[in-house]
Amino acid sequence: MDHPLKSTVDDEYDIIIAGGGTAGCVLAGRLAAATTSLRILVLEAGPETKDNLAQVQPARCLSNLHPASTTVRFHVEPPSETLADRPLVAPTAQCLGGGSSMNFLVYTRASASDFDAWETTHKNPGWGSKDLIPLLKKAETFQVKPDALNHGYNGPLKVSFGGYFTNVGKQFLDTASRFDPTRPQGDDTNDLVTVNVYARYAKWIDAETGKRSDVPHHYIYNQTNPNLHVVPGVLVKRVLIEDKRAAGVEFTWNRRLLPDADDAVHTVRAKRLVVVSAGAFGSPGILERSGIGSKSILEPLGVKVEEDLPGVGENYQDHNVVTPIYNAAPEAETIDEIIRGDSDVMAELSRQWYKDGSGLLAHNGIDAAVKIRPSEQELSEIGPEFRKVWDRDYTHLPDKPVVLFGVMAMFLGDPSSAPARKYFSAAIYNLYALARGHVHITDAHDATAALDFKSGFLESMADIKPLVWAYKLVREICRRMPVFRGEYALQHPTFPPGSQAAVVEDAMPTPMDAPRIVYTEEDDLAIVSYLRKNIGTAHAMGTCGMKPREAGGVVDSKLNVYGIQGLKVADMSISPSNVGANTYSTAVTIGEKAAVIVAQELGIDLE
15 MDHPLKSTVD
25 DEYDIIIAGG
35 GTAGCVLAGR
45 LAAATTSLRI
55 LVLEAGPETK
65 DNLAQVQPAR
75 CLSNLHPAST
85 TVRFHVEPPS
95 ETLADRPLVA
105 PTAQCLGGGS
115 SMNFLVYTRA
125 SASDFDAWET
135 THKNPGWGSK
145 DLIPLLKKAE
155 TFQVKPDALN
165 HGYNGPLKVS
175 FGGYFTNVGK
185 QFLDTASRFD
195 PTRPQGDDTN
205 DLVTVNVYAR
215 YAKWIDAETG
225 KRSDVPHHYI
235 YNQTNPNLHV
245 VPGVLVKRVL
255 IEDKRAAGVE
265 FTWNRRLLPD
275 ADDAVHTVRA
285 KRLVVVSAGA
295 FGSPGILERS
305 GIGSKSILEP
315 LGVKVEEDLP
325 GVGENYQDHN
335 VVTPIYNAAP
345 EAETIDEIIR
355 GDSDVMAELS
365 RQWYKDGSGL
375 LAHNGIDAAV
385 KIRPSEQELS
395 EIGPEFRKVW
405 DRDYTHLPDK
415 PVVLFGVMAM
425 FLGDPSSAPA
435 RKYFSAAIYN
445 LYALARGHVH
455 ITDAHDATAA
465 LDFKSGFLES
475 MADIKPLVWA
485 YKLVREICRR
495 MPVFRGEYAL
505 QHPTFPPGSQ
515 AAVVEDAMPT
525 PMDAPRIVYT
535 EEDDLAIVSY
545 LRKNIGTAHA
555 MGTCGMKPRE
565 AGGVVDSKLN
575 VYGIQGLKVA
585 DMSISPSNVG
595 ANTYSTAVTI
605 GEKAAVIVAQ
615 ELGIDLE
């Protein structure tokens, strides 16, 4: 393997980073670029991704979610009544770079008030928006436009509109702003303050190359520091704790990736620091197998309790997402043929991408979205179940949206399950769900064992009602788009016989001035049933919360695990409360902040 990628592990390093996801790679890359005096080891369970087309070509992003993919791990919640007695599948990245290497490349940033809550509500000095905005800017080069509020122009990660602008995205913006004129069109809803604007959506794509702008290609693979060692295919079993101090880690080789590797347990020691950075599912698992967690979880499994820390694995939270699908006209510009692997289409698009980094291969299919704060009239439509939450959590924070939705120029699902035609999908997110769950180990030793996972999704009508309302609004917009040719019935509610809201599978666009669909109480129940059967998730966080220990916290504001010296956590698991955005940007920011903290403690100048 080329440096810094290695296939072996030495006996000892100064810093061990257990998990090579987004935050872990940012941390390692910043430290390695700043000094050669530290020997740094990154252990990643999944494969490396250097120059792999599945990772670097944006339009291939869905391939990473294939059941046979080696870049993802699927966590499964047992069937529950609130989710229509079906298991909930939560995909998480398992490759170098984590979600940055295999997500949908959507450039979405949190609101300033999200970070301010981390600082004030959860008592984490240095984590407010005034402290984190400089780090957000440091990480990016915003290629969309110059001199934009709160954006950076000299960072390693590139942000652009990608190599194409689909007519699906254009029509959504035009139709939405005409149908819903209280919300104008704009060009940026990711300046940390703007809401209620239908906007063209930027992407983590380099405008010059048409490639995904992920963390490993910009923080790791380009490193020349010989003391940075990055080893893929390693499953971290536990952190070694000696006299209340992290002394190293135990690991095994991931034989799914490395079938010829031995099955022994290996040890590597850390002279100065261990940082757990394995994500909202992986990090609490490592801590619990290390004896750090609630003794009520650990003792029945035979794990020696090193630190009774009940917050480990608790406070799981995420975004609820549902994706109704629409039939599209033949002239719709979508990535469906790419997803299906049409050889003629792929050959032509590949020639264009290799020539100048443009075209649909330099695109993720997602051009337009909106972050919505409901009006008074819309709050009345959503209903009283949500109103109390609005009054408590939203009224005083004008930058905080309730839902995010947009369109995706693709069939968002298994392409083999539907006729080979053009589609577009809507994605509707409840950004600050009240739902809380947990993630705990079920085995004391096996890092691959299934976790005890509970999401808590849709247990509260205050989470359901905004999604019902948003589904109706999105449906009105999509039915008026010129490329609309009907609704894909399997991804819509089953309305009662004779309902005026019945799904129309083959239809031309609805006139702009046509009346809205009238929904009965029975129709609303059908939408709720649809949500319970279809709600999904992909942005896990919160399971090693950064907050006071007495409030269920796991780490302090310096990312130190309570009760254990020389041990930190740095990934989305530390998020003490939700963020109204896809989590890549926030994970990068956590990695940048972790680098600042570690550098200060070790006397290193990052600049």
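Note that the numbering used here has the sequence shown beginning at 15, numbered continuously upward.
The beta carbon of each residue, even a glycine, is placed where N, CA and C say it ideally should be.
Relative to the C-alpha of Asn2, which residue among Ala432, Lys225, Val532, Pro344 is closest?
The displayed coordinates of the chain run from 15 to 621. Any statement about residue 2 would go beyond what the structure contains.
Whole angstroms are fine: how far does the CA of Val517 sit from the CA of Met15?
For the purposes of this step, residue 15 is taken as the residue at position 1 of the sequence shown. For the purposes of this step, residue 517 is taken as the residue at position 503 of the sequence shown. With a pLDDT of 47 at Met15, under the threshold of 50, the modelled position of that residue is not reliable, and no figure is offered here.
Quick one: any contact between the region 110 to 125 and the region 209 to 224, if contact means 3 or more CB pairs under 8 Å?
Yes: at least three Cβ pairs fall under 8 Å.
Between the Cα of Thr63 and the Cα atoms of Ser83, Arg53, Leu45, which residue gives the shortest distance?
Reading the sequence shown from its first residue, position 49 is the one you call residue 63. In terms of CA proximity to Thr63, Ser83 leads the group Ser83, Arg53, Leu45.
So, Val207 versus Pro198, is the Cβ gap smaller than 8 Å?
Here the question's residue 207 lines up with position 193 in the sequence shown. Here the question's residue 198 lines up with position 184 in the sequence shown. Contact: no.
According to the neighbour-count rule (16 or more other Cβ atoms, all chains shown, within 10 Å of its Cβ), is Ala565 buried or exposed?
As a first step, residue 565 is located in the sequence shown; it is residue number 551 there, counting from the start. Its Cβ having fewer than 16 others within 10 Å, Ala565 is exposed.
Just verifying my parser: in three-state terms, what is the DSSP assignment at Arg489?
Mapped onto the sequence shown, residue 489 falls at position 475. Here Arg489 sits in helix by DSSP.
If you measure between the beta carbons of Gln237 and Ala48, is that distance less than 8 Å?
Against the sequence shown, residue 237 aligns to sequence position 223. Against the sequence shown, residue 48 aligns to sequence position 34. Not a contact, by the Cβ cut-off of 8 Å.
Taking three-plus beta-carbon pairs below 8 Å as touching, is the region 239 to 252 in contact with the region 381 to 395?
no
Which whole runs of the beta strand (DSSP E) in the region 543 to 615 are 3 residues long or more, in chain order?
581 to 583
Considering Cα atoms alone, identify which of Gln157, Lys225, Ala608, Ala126 is closest to Lys369.
If you number the sequence shown from 1, residue 369 lands on position 355. Lys369 has its Cα closest to that of Lys225, out of Gln157, Lys225, Ala608, Ala126.
Give me the residue from Arg286, Ser291, Ala284, Gly327 with the minimum Cα distance to Gly305.
The residue given as residue 305 occupies position 291 in the sequence shown. Shortest Cα-Cα distance from Gly305 to any of Arg286, Ser291, Ala284, Gly327 involves Gly327.
Between Thr597 and the rest of its own chain, which residues show a CB-CB distance below 6 Å, the 5 nearest in sequence each way excluded?
Numbered from 1 along the sequence shown, position 583 holds the residue referred to as residue 597. So the qualifying residues of the chain are His553, Met586.
For Gly498 versus Pro529, is the C-beta spacing smaller than 8 Å?
As a position in the sequence shown, residue 498 is number 484, starting the count at 1. As a position in the sequence shown, residue 529 is number 515, starting the count at 1. Reading off the sequence shown, one finds Phe at residue 498, where the question assumed Gly. Contact: no.
Cβ atoms of Leu110 and Gly60: under 8 Å apart, would you say?
Translated into positions along the sequence shown, residue 60 becomes position 46. Translated into positions along the sequence shown, residue 110 becomes position 96. Yes, Cβ-Cβ distance for Gly60 and Leu110 is below 8 Å.
Which parts of the region 227 to 305 are runs of the beta strand (DSSP E), unbroken and 3 residues or longer, counting only runs that do not cross its ends?
242 to 246, 248 to 256, 259 to 267, 280 to 290
Given a cut-off of 8 Å on the beta-carbon distance, is the pair Ser591 and Trp132 in contact?
Locating residue 591 in the sequence shown gives position 577, where the first residue counts as 1. Locating residue 132 in the sequence shown gives position 118, where the first residue counts as 1. It is a contact, given that the beta carbons lie within the stated cut-off.
Counting pairs of Cβ atoms below 8 Å between the region 86 to 103 and the region 365 to 383, do you hit three or more?
no
What is the C-beta distance between Pro170 and Tyr235, in whole angstroms, given that I count them as a contact (C-beta under 8 Å)?
Within the sequence shown, numbered from 1, the residue matching residue 170 stands at position 156. Within the sequence shown, numbered from 1, the residue matching residue 235 stands at position 221. The pair is not a contact, with the Cβ atoms about 11 Å apart (cut-off 8 Å).
Identify the residues that DSSP records as bridge partners of Glu62: which are they?
Residue numbering aside, residue 62 sits at position 48 when the sequence shown is read from its first letter. DSSP lists no partner for Glu62.
Could you tell me whether the Cβ atoms of Ser115 and Phe129 are closer together than 8 Å?
Mapped onto the sequence shown, residue 115 falls at position 101. Mapped onto the sequence shown, residue 129 falls at position 115. No, the pair does not count as a contact, with Cβ atoms beyond the cut-off.
Can you pull the DSSP bridge partners for Lys217?
If you number the sequence shown from 1, residue 217 lands on position 203. The partner list for Lys217 (beta bridge, DSSP) reads Val120, Ser174.
How long is the line joining the alpha carbons of Met360 and Glu351, rounded to whole angstroms?
Translated into the one-based positions of the sequence shown, residue 360 becomes position 346. Translated into the one-based positions of the sequence shown, residue 351 becomes position 337. Those two C-alpha atoms are separated by around 8 Å.
Reducing DSSP to helix, strand and coil, say where Phe419 ends up.
The residue labelled residue 419 in the question sits at position 405 within the sequence shown. Looking at Phe419 - three-state DSSP - the assignment turns out to be strand.
Where does Asp358 sit, in a helix, a strand or coil, going by DSSP?
Within the sequence shown, residue 358 is the residue found at index 344, counting from 1. Under the three-state reduction of DSSP, Asp358 is assigned to helix.
Less than 8 Å separating the beta-carbons of Gly38 and Ala584?
Along the sequence shown, read from residue 1 onward, the residue named residue 38 stands at position 24. Along the sequence shown, read from residue 1 onward, the residue named residue 584 stands at position 570. Yes; because the gap between Cβ atoms is below 8 Å, this pair is in contact.
Counting along the chain, where does the alpha helix (DSSP H) carrying Gly43 start and finish?
Mapped onto the sequence shown, residue 43 falls at position 29. It spans 36 to 48 - the alpha helix (DSSP H) in which Gly43 sits, taken as one unbroken run.
Classify Glu95 as buried or exposed, calling it buried when 16 or more other Cβ atoms lie within 10 Å of its own Cβ.
In the sequence shown, the residue the question calls residue 95 occupies position 81. With fewer than 16 Cβ atoms within 10 Å of its Cβ, Glu95 is classed as exposed.
Cα separation between Gly605 and His231?
In the sequence shown, residue 605 corresponds to position 591, counting from 1. In the sequence shown, residue 231 corresponds to position 217, counting from 1. Rounded to the nearest angstrom, the two C-alpha atoms are 15 Å apart.
In whole angstroms, give me the CA-to-CA distance for Ser21 and Ile618.
Your numbering for residue 21 matches position 7 in the sequence shown. Your numbering for residue 618 matches position 604 in the sequence shown. When rounded, the distance between both Cα atoms is 28 Å.
Quick test of your reading: Ala383 and Leu418, contact by CB under 8 Å. State the CB separation rounded to the nearest angstrom.
Here residue 383 is taken as the residue at index 369 of the sequence shown, counted from 1. Here residue 418 is taken as the residue at index 404 of the sequence shown, counted from 1. Yes, they are in contact, since the Cβ atoms of Ala383 and Leu418 sit about 6 Å apart, within 8 Å.
Can you tell me which of Pro148, Tyr178, Gly176 puts its alpha carbon nearest to the alpha carbon of Tyr167?
Working through the sequence shown from its first residue, we reach residue 167 at position 153. That would be Pro148, whose Cα lies nearest to the Cα of Tyr167.
By Cβ distance below 7 Å, which residues in the same chain neighbour Asn78 in space, the five residues on each side in sequence not counted?
Counting from one through the sequence shown, the residue named residue 78 turns up at place 64. Counting only Cβ-Cβ distances below 7 Å, and skipping sequence neighbours, we find Ala68, Thr85, Val86, Met116.
Work out the CA separation of Ala423 and Glu347 for me, nearest whole Å.
By 1-based counting over the sequence shown, the position of residue 347 is 333. By 1-based counting over the sequence shown, the position of residue 423 is 409. Looking at the two C-alpha atoms, the distance is approximately 7 Å.
How about Asp202 and Ala162: are their beta carbons less than 8 Å apart?
Taking the first residue of the sequence shown as position 1, residue 202 is located at position 188. Taking the first residue of the sequence shown as position 1, residue 162 is located at position 148. Yes, the pair counts as a contact, with Cβ atoms nearer than the cut-off.
One question on the structure: do Leu426 and Thr337 come within less than 8 Å of each other, judged by their Cβ atoms?
Against the sequence shown, residue 426 aligns to sequence position 412. Against the sequence shown, residue 337 aligns to sequence position 323. When the beta-carbon positions are compared, Leu426 and Thr337 come within less than 8 Å of each other.
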